[in-house]
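Step one of this worksheet: look at the structure below.
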Amino acid sequence: MTKRIVILGGGTGGTLTANRLHRHFRHHGSQHQPVEITVVDQDDHHVYQPGLLFVPFGLANHSEIVRPRQAQLHRDIEFVQDLIDHVDIHADTVYLQGGRELPYDVLVVATGAILAFDETEGLTGPGWNEKVFTFYDVAGATGLAAALDNFEGGKLVVNVVDMPIKCPVAPLEFCFLADWYFTDRGMRDKVEITYATPLDGAFTKPVASAALASLLEEKGIHLVTEFNTGEVAMNDDGAGGKLIGYDGR
Ligand SMILES: Cc1cc2nc3c(=O)[nH]c(=O)nc-3n(C[C@H](O)[C@H](O)[C@H](O)COP(=O)(O)OP(=O)(O)OC[C@H]3O[C@@H](n4cnc5c(N)ncnc54)[C@H](O)[C@@H]3O)c2cc1C
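In the numbering used here, each residue carries its 1-based index in the sequence shown increased by 31.
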């Protein structure tokens with residue numbers, strides 16, 4: 032009888048698991064027990080997330096980091112585009128919003144993490160995607176590219192709102208890329224870059240933290256530690272805004 036593996040989520044985790052399981056069963060499986068692999072995702076846009084870091088600086092664009100999900104999967108793996116409604120673990124079945132039911136022998140949950148913008152007061156208020164951006168999704172990274180392109184100088188604050196985050200080094204990489212970007216455009220002296228983090232140092236691990244702190248200093252990037260973001264507020268004139276910490280900083 033065919034064994035059914037259902038993988039929820041077609042991001043890096045789900046895609047990698049599906050392709051590796053497919054390869055494993057092709058080499059080590061038995062003809063008497065074929066395996067069917069199905070991957071479910073709500074959309075058909077596989078984003079290579081590490082590439083998002085380069086989009087704001089014009090070093091990568093949407094078409095280079097986004098692909099159809101089936102193109103990332105072996106052709107023998109079925110891709111189903113639908114929203115997962117719920118899983119009944121007693122009936123070993125996944126229920127999709129479109130009405131399809133997927134019975135499984137093995138279920139892999141790879142539904143990733145959700146960006147929770149609404150949990151920070153004011154973040155998605157006035158100025159969102161105009162002065163305030165995330166580079167952790169395609170829309171934000173693309174909007175930020177346009178904003179940086181038109182930026183003529185001022186204060187650039189890079190803030191990690193809370194931990195844990197995906198790829199804790201990405202915001203630091205962003206700071207160093209910003210330093211390079213403005214230097215390359217001959218306007219580094221017009222931009223004040225600040226890195227505000229809830230950590231007690233530049234990074235989580237002490238040795239890397241010390242090395243990265245001195246690199247930030249060398250590049251003239253201000254490091255603000257133990258900064259717990261309370262609110263994002265736009266100035267009355269709309270020209271800029273403020274990041275306000277719980278301790279009033
Ligand atoms: C800027 C940036 C730089 C990074 N750099 C690195 C790096 O250098 N090295 C590194 O190792 N990692 C890096 N990462 C982290 C890495 O990219 C992520 O950890 C990884 O992509 C997460 O993959 P995932 O499959 O767990 O989740 P995701 O890619 O988020 O996939 C989860 C999928 O589940 C789907 N889903 C969720 N709920 C449902 C539902 N109810 N119905 C249907 N579908 C659903 C979603 O649509 C999504 O496609 C970086 C991340 C970012 C943002």
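All residues carry an ideal CB built from backbone N, CA and C; glycine is no exception.
Taking the Cβ of K236 as the reference point, every heavy atom of ligand 1 lies at 7 Å or farther away.
Counting only runs of 4+ residues, the alpha helix (DSSP H) found wholly inside the region 184 to 250 occupies 201 to 215 and 237 to 249, in chain order.
Relative to the Cα of G272, the nearest Cα in the group Y135, G185 and Y226 belongs to G185. Judged by DSSP in its simplified three-state form, F258 adopts coil rather than helix or strand. Listed in chain order, the non-local C-beta contacts of H117 below 6 Å within the same chain comprise Y126, local neighbours out to five positions each way being set aside.
Around the beta carbon of A172, 16 or more other beta carbons lie within 10 angstroms, which makes this residue buried.
At a threshold of 7 Å, P81 counts as near ligand 1, since its beta carbon sits closer than that to one of the ligand's heavy atoms. Taking C-beta separations shorter than 6 Å and ignoring five residues to either side along the sequence, the partners of G42 in its chain run G143, following chain order. The DSSP assignment places complete beta strand (DSSP E) segments of no fewer than 3 residues inside the region 75 to 123 at 109 to 112 and 115 to 119, in order along the chain. Between V188 and L274, the CB-CB gap stays under 8 Å. If you check the CB distance, I108 and I68 come in under 8 Å.
Straight-line spacing of the CA atoms in N92 and A122 works out to 44 Å.
According to the DSSP assignment, G171 belongs to the alpha helix (DSSP H) that extends over V169 to N181. Close CB contacts of R280 within its chain, under the 7 Å cut and outside five residues either way in sequence, are with F258 (chain order).
In this structure, ligand 1 has no non-hydrogen atom nearer than 7 Å to the beta-carbon of A147. The Cβ neighbour count for L47, taken over all protein chains shown within 10 Å, is under 16; the residue is labelled exposed. By the C-beta density criterion, R100 is buried, having at least 16 other C-beta atoms within 10 angstroms.
Between the C-alpha atoms of R51 and D168 there is a straight-line separation of about 26 Å.
G89 counts as exposed, since fewer than 16 other beta carbons sit within 10 angstroms of its beta carbon. For R51, the enclosing alpha helix (DSSP H) stretches over residues T43 to H59.
When C-beta atoms of the region 263 to 270 are compared with those of the region 227 to 245, fewer than three pairs fall below 8 Å, so the two segments do not count as touching.
Considering only D113, F207, H76 and A227, the residue with the shortest C-alpha distance to V192 is A227. Per the coordinates, the alpha-carbon of V140 lies some 5 Å from the alpha-carbon of L39.
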